[in-house]
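Peer 1: Please find one structure pasted underneath; my questions will follow.
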Amino acid sequence: MKLLNLTAFTSITIATAIAPAFAKDCAPVDGLPLSGYRVDTMGENQHHVHTEVLINATASEVWGVLSDFKNMPSWSTTFQGMVGDIRDGGQVTVTYKFPDRVAEIPHTISYNEGVGYGWSDPLGFAPKMADNHVFEIEPVSECLTRFKQYDTFTGVGPEGSEITTAFISQDAMGVYRIFNAELKVAVEAKFQ
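For reference, each letter of the sequence shown is one residue, going -23 to -1, 1 to 169 in mature numbering (1 follows the signal peptide of the UniProt record, and there is no 0).
What follows is the structure, given as structure tokens:
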């Protein structure tokens, strides 16, 4: 069973979106990769997705775009924003746009102003599975920020289905890479 059709998301060129672009006063930091991604197997029914990208902007600039949920649909083709009680422990509804549908998903949010946010809840289509999804920023220098998006999927899929944490992790990694590239483009276009 295929959860997502990523073909529709490939209209942006990820290689272009993550190409090195540094402001005149911001030199690259030697040895840092511009982006990275991987899926780690942590157990039979547990997989961890890790994606990251370096953004040529301050941490506060990245946070400003990442936490501006009303404007997110103007630059993100996947994560369309969040509404509700946006504070640590608050109840929110997260909207994702997929090629074949829009999903509004309720979550209890973990929120740390200026650092990151995320949630850990059962998956609606697979209630015996859960995800622990995190968006996080990390300053690297005065004008360079690492954005990390990671998720740990645990549990088993619906009986008789082919849904596994390994499958969901691989599918999710593609979507996260697209979001990361779009975030980098949006932030750098706004602040350079």
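Just so it is clear, CB atoms sit at the ideal spot from N, CA and C, and this is done for glycine as well.
Using the beta-carbon count (16 or more within 10 Å), is D128 buried or exposed?
Peer 2: D128 is classed as buried because its beta carbon has at least 16 other beta carbons within 10 Å across all chains shown.
Peer 1: Any idea which residues DSSP pairs F124 with across the strands?
Peer 2: Paired residue(s): V30 and I114.
Peer 1: Here's the rule I'm using: 16 or more other beta-carbon atoms within 10 Å means buried, otherwise exposed. How should Q68 be labelled?
Peer 2: exposed
Peer 1: Can you tell me which of I63, R78 and I82 puts its alpha carbon nearest to the alpha carbon of T70?
Peer 2: Answer by Cα proximity: I82.
Peer 1: Cβ-heavy atom distance between F56 and the ligand ADP below 7 Å?
Peer 2: The ligand ADP is not part of this structure, which contains no ligands at all.
Peer 1: Decide yes or no for the touch test of the stretch 116 to 134 against the stretch 155 to 162: beta carbon pairs closer than 8 Å, at least 3 of them.
Peer 2: yes
Peer 1: If we count the other Cβ atoms within 10 Å of its Cβ and call it buried at 16 or more, is V79 buried or exposed?
Peer 2: exposed
Peer 1: Where V60 and E119 are concerned, what is the direct C-alpha to C-alpha distance, given to the nearest angstrom?
Peer 2: Between V60 and E119, the C-alpha separation is close to 31 Å.
Peer 1: Can you name the start and end residues of the alpha helix (DSSP H) that Q147 belongs to?
Peer 2: Unbroken alpha helix (DSSP H) run through Q147: T142 to F168.
Peer 1: In three-state DSSP terms, what is P104?
Peer 2: If DSSP states are grouped into helix, strand and coil, P104 belongs with the strands.
Peer 1: In terms of residues, what are the limits of the beta strand (DSSP E) holding E81?
Peer 2: R78 to N89
Peer 1: Give the C-beta separation of residue 191 and G66 to the nearest angstrom, bearing in mind that I take them to be a contact with Cβ-Cβ under 8 Å.
Peer 2: Nothing about residue 191 can be reported from this structure: the residues present for the chain run from -23 to 169 only.
Peer 1: Might you give, ordered along the chain, the residues of its own chain that have their beta carbon closer than 6 Å to the beta carbon of S37, omitting 5 neighbours on each side?
Peer 2: none
Peer 1: Helix, strand or coil: which one does DSSP assign to W96?
Peer 2: strand
Peer 1: Ordered along the chain, which non-local residues of its own chain (more than five positions away) have a Cβ less than 7 Å from that of M49?
Peer 2: F56, Q57 and G58
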